[in-house]
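Participant:
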Amino acid sequence: MKFFSANIDSLRELYINQLRTLLSSEEQITEALPKMISKATDTQLKQALQSHLQETEVHVARMEKILSENGGKADAVKCKITAALISGADEMIKDVTDESVRDAVIIASAQRVEHFEIASYGTVRNWARILGENKHAQILDQTLQEEGHADQLLTSISDRVNPYAEKAA
Ligand code: ZN
Ligand code: FE
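Going from the sequence shown to this note's numbering is simple: count from 1 and add 2.
Printed below as a string of structure tokens:
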């Protein structure tokens, strides 16, 4: 049985395919974050998303560098999971009228994306190690740490913001 439309029959091919998919994921997040920032109300939430947007631009550049050094194929493979997470977030955000409740939805949506990225970067970092790509592993681990910090910051913001959402009529 074939699980992939592109022929992938080695861990290295799978690894490169996943890097290209993660590049698409980061590109989509770069486009989605400005919309989330404009719809957020809490100042600290806006700032956290803004600084993660800047980090995400660095994540795109890192991924392009890894891919271009690895055979010159820096073209993305569309990440359908990220697309679904973002369109799901858009739908939920537009249905909410209360500002604090909207912030709670924005935090929840952003954290879903972070957790997907954390899972994905953890996997490709470990594959990089197995494949002997130690430089890649280091770079991927750096991005993984930044996704983790973004997620933790959102948790701490939600601890402060969600009680306001709870009080919304
Ligand atoms: Zn990222
Ligand atoms: Fe992220």
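Glycine is no exception: its CB is placed at the ideal position from the N, C-alpha and C atoms.
Small disclaimer: the values here were computed from a predicted structure and weren't measured.
#1: Determine whether the Cβ of Thr99 lies closer than 7 Å to any Cβ atom of chain B.
#2: Taking C-beta to C-beta, are Ile83 and Lys41 nearer than 7 Å?
#3: Could you check whether the Cβ of Thr43 sits closer than 6 Å to any heavy atom belonging to ligand 4?
#4: Determine the DSSP secondary structure at Lys4, reduced to helix, strand or coil.
#5: Assuming contact is defined by CB atoms lying nearer than 7 Å, are Ala152 and Glu116 in contact in what I supplied?
#6: Give every residue whose Cβ lies closer than 7 Å to any heavy atom of ligand 1, listed in chain order.
#7: Short check: CB of Thr43 to CB of Asp105, under 7 Å?
#8: Smallest Cα separation from Ser160: which of Trp129, Ile109, Asn128?
#9: With a threshold of 6 Å (Cβ to nearest heavy atom), would Glu33 be considered close to ligand 2?
#10: Between which two residues does the alpha helix (DSSP H) containing Ser12 stretch?
Facilitator: Walking through what the data contain:
#1: The displayed structure is made up of one protein chain only, and chain B is not part of it.
#2: Working through the sequence shown from its first residue, we reach residue 83 at position 81. Working through the sequence shown from its first residue, we reach residue 41 at position 39. Contact: no.
#3: As far as ligands go, the structure on display features ligand 1 and ligand 2 and does not contain ligand 4.
#4: Here residue 4 corresponds to residue number 2 of the sequence shown, with the count starting at 1. Only weak support exists for where Lys4 lies, its pLDDT of 47 falling under 50; the value from the coordinates is given anyway. The answer is coil: DSSP assigns Lys4 none of H, G, I, E or B.
#5: Here residue 152 is taken as the residue at index 150 of the sequence shown, counted from 1. Here residue 116 is taken as the residue at index 114 of the sequence shown, counted from 1. Yes, the pair counts as a contact, with Cβ atoms nearer than the cut-off.
#6: Glu28, Ile31, Glu57, Thr58, His61, Glu119, Thr145, Glu148, Glu149
#7: Within the sequence shown, the letter at position 41 stands for residue 43. Within the sequence shown, the letter at position 103 stands for residue 105. Against a cut-off of 7 Å, the Cβ pair of Asp105 and Thr43 comes out as a contact.
#8: For the purposes of this step, residue 160 is identified with residue 158 of the sequence shown, where counting begins at 1. Ranking Trp129, Ile109, Asn128 by Cα distance to Ser160 puts Ile109 first.
#9: The count along the sequence shown starts at 1 and reaches residue 33 at position 31. It does not: the Cβ of Glu33 is nowhere closer than 6 Å to a heavy atom of ligand 2.
#10: Position 10 of the sequence shown, counting from 1, holds the residue named residue 12. Taken as a continuous stretch (DSSP letters only), Ser12 belongs to no alpha helix (DSSP H), as it is neither H nor E.
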